[in-house]
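Visitor: For reference, the structure I am asking about is given below.
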Amino acid sequence: LEMMVERPASAGRKDADAQTDEKDLDGASGLSEMRLRFQQQDEVLRQLESDRFSQRLEIADLVSTSKEQAARLTEQLNRLTKDNTSLKAKVESLLATEESYA
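Counting in the numbering used here, the sequence shown runs from 2 upward without gaps.
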């Protein structure tokens, strides 16, 4: 009688072990999938960070170029203003000279 009781218990343990092994495989598979997704997301994040860094470099270059161009334009405007003032004075001088001859 004791042998009969042990057999079903032993068979039950085997079934439980088989189910546990199956759950372990499912868990391991789920863990592998999670790791793969994490690696993929990590790669995407790294690429985004790299892209952002490249964009920041491009923006810094554009800002620098814009500042240089603004400085050149300011110098040119100052020269033109000075030239305009000089021409205006010459025209006024010529007009005054013309009036004195009239």
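We put the beta carbon where it would ideally sit given N, CA and C, even for glycine.
CA-CA distance, Ser55 and Arg80?
Guide: Cα to Cα, the separation comes out at about 38 Å.
Visitor: Rounded to a whole number of angstroms, what is the C-alpha to C-alpha distance between Ser67 and Leu74?
Guide: One C-alpha to the other measures close to 10 Å.
Visitor: On the CB-based measure, 16 or more other CB atoms within 10 Å of its CB, does Leu2 come out buried or exposed?
Guide: Here the model assigns Leu2 a pLDDT of 47, short of 50, so the residue's position is not dependable and the matter cannot be decided.
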